[in-house]
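Colleague: Please see the structure below; I have some questions.
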Amino acid sequence: EAGVAQSPRYKIIEKRQSVAFWCNPISGHATLYWYQQILGQGPKLLIQFQNNGVVDDSQLPKDRFSAERLKGVDSTLKIQPAKLEDSAVYLCASSFRARGYEQYFGPGTRLTVT
Amino acid sequence: QQQVKQSPQSLIVQKGGISIINCAYENTAFDYFPWYQQFPGKGPALLIAIRPDVSEKKEGRFTISFNKSAKQFSLHIMDSQPGDSATYFCAALSGGYQKVTFGTGTKLQVIP
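Following this line, the structure appears as structure tokens:
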């Protein structure tokens, strides 16, 4: 079974630039999550999709972050404009609808904002 | 904001010893408690999970102990091995959409 795919793996940008991350979840997983993991901390949920609808985006900085899930499969997370404090690993995860405790994570994208 | 407090921040254990990581929560709406293991450069992976109506769950060398009245739960790794060296996160789920709140993580190092 293929795992959660993410790209790019690494990205370095200057502050005020924009960046986009891509995620392809495990086939059949209705729920998709984007997390931000700052070095030395636990993952923080940014947004959760059920199919292609948003069910939780309470911690998403909506003035600069946006996300969409195309046709209930792939998803993109965008930051525009980036700030220094956005430097982190951005993790995508997916799960079956009723098994939110069993999330499968991708390898993450390490973002450095200079 | 819902929180899950985790301790210790780091832990060094000798090979063959027992590693113990503790977590505490306040929100009684949490209804499922998984533990995740994360190796450097990788995403977290589910290790073991427990429901609040169960006091203990064991899978191989890994055991979760759950104290509902104290709102605390812990992970015990028996016969710890160098390959167990990783960061461990406790977590808690709540709500119909099963939102996951992660603890702050414990970096475990098992020395030979």
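Chains as they are written, first to last, in my numbering: chain A, -13 to 100; chain B, 877 to 988.
Ideal placement from N, C-alpha and C gives every residue a C-beta, glycine not left out.
Note that the coordinates shown come from a computational prediction; the quantities given were computed from them, not determined experimentally.
#1: Between which two residues does the beta strand (DSSP E) carrying residue 95 of chain A extend?
#2: Starting from residue 23 of chain A, trace the beta strand (DSSP E) in both directions and tell me its first and last residue.
#3: Among the residues of its own chain, which have a CB less than 8 Å from the CB of residue 885 of chain B, if the five just before and after it don't count?
#4: To the nearest whole angstrom, what separates the beta carbons of residue 962 of chain B and residue 914 of chain B, a pair I think is in contact under 8 Å?
#5: Mind checking who residue 944 of chain B pairs with in its DSSP beta bridge?
#6: Straight-line CA distance for residue 911 of chain B to residue 965 of chain B?
#7: Start and end of the beta strand (DSSP E) containing residue 965 of chain B?
#8: Starting from the beta carbon of residue 42 of chain A, find every residue of chain B whose beta carbon is closer than 7 Å, and list them in chain order.
#9: By how many angstroms is the C-alpha of residue 898 of chain B removed from the C-alpha of residue 19 of chain A?
#10: Secondary structure at residue 42 of chain A, three-state DSSP: helix, strand or coil?
#11: Chain B beta carbons: is any one of them nearer than 9 Å to that of residue 74 of chain A?
#12: Below 9 Å between beta carbons is the criterion; list the residues of the region 906 to 930 of chain B that meet it against any residue of chain A, in chain order.
#13: Looking at residue 920 of chain B and residue 91 of chain A, is the spacing between their C-beta atoms short of 9 Å?
Modeller: Inspection of the coordinates gives the following:
#1: Note, residue 95 of chain A: beta strand (DSSP E), 95 to 99.
#2: Unbroken beta strand (DSSP E) run through residue 23 of chain A: 17 to 23.
#3: The beta carbon of residue 885 of chain B sits closer than 8 Å to the beta carbons of 980, 981, 982, 983 from its chain, once the five residues preceding and following it are set aside; these are given in chain order.
#4: With a Cβ gap of about 6 Å, residue 962 of chain B and residue 914 of chain B count as contacting.
#5: Residue 944 of chain B pairs with nothing; no bridge assigned.
#6: Taking the CA atoms as reference points, residue 911 of chain B sits about 6 Å from residue 965 of chain B.
#7: That run of the beta strand (DSSP E) goes 962 to 970.
#8: Under the 7 Å cutoff, chain B gives 973, 975.
#9: If I take the Cα positions, the gap works out to 26 Å.
#10: In this structure, residue 42 of chain A counts as strand in the three-state DSSP scheme.
#11: For residue 74 of chain A, the nearest beta carbon of chain B is not closer than 9 Å to its own beta carbon.
#12: 908, 909, 910, 912, 914, 917, 918, 919, 920, 921, 922, 925: these are the residues of the region 906 to 930 of chain B whose beta carbon lies less than 9 Å from some beta carbon of chain A, given in chain order.
#13: Taking 9 Å as the Cβ cut-off, residue 91 of chain A and residue 920 of chain B qualify as a contacting pair.
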